[in-house]
Amino acid sequence: AAAYVPALVVERALFVREKADGLYYTVTYLLAKMFDELVLAALASCGMTAFVFYGIQLQGEWVAFWIGYLVTLSNGITLAYFVAAVSPNLDVANALLPTYVITLL
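In this note's numbering, each residue carries its 1-based index in the sequence shown increased by 1.
In structure tokens:
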């Protein structure tokens with residue numbers, strides 16, 4: 002999830018300026034960013050999960066394995082975006098995200 006943190010933190014100044022200019026709402030920006038990341042994650046995870054699923058000869062349906070992986074990945078992306086949104090800068094976000102994830106283990 003840490004790879005997704007810079008996407009929001011680095012673009013924060015641009016987002017604030019464009020929002021002040023009335024180009025879009027916060028929800029619109031967030032949904033567009035999430036859609037972009039989730040489509041890319043869905044496409045990239047197809048090949049990876051197929052390689053793992055068939056490579057180690059798992060039993061069951063590949064689609065169920067892929068959806069489980071995609072849901073888990075989506076949760077990680079959402080968590081990274083949330084931490085990036087509440088953090089004042091990239092250093093705090095990069096420290097806060099792993100600290101929170103460790104507490105979930």
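Don't be surprised by glycine CBs; every beta carbon is placed ideally from N, CA and C.
Same chain, Cβ closer than 7 Å to residue i, neighbours up to 5 away in sequence not counted
i	result
Thr70	In the sequence on display, residue 70 carries Tyr and not Thr. Answer for Tyr70: Ser46 and Thr50, listed in chain order.
Residue of the options minimising C-alpha distance to residue i
i	options	result
Ala42	Leu59, Ala14, Val102 and Gly77	Gly77
Ala3	Ile103, Gln60 and Asn95	Asn95
Exposure label - residue i; buried when at least 16 CB within 10 Å
i	result
Ala1	Here the chain has residues from 2 to 106 only, and residue 1 is not among them.
Ala85	buried
Leu59	exposed
Phe52	exposed
Val11	exposed
Tyr55	exposed
Ordered list of alpha helix (DSSP H) runs contained in the segment 39-106, each at least 4 residues:
Listed in chain order, they are 63-87 and 91-105.
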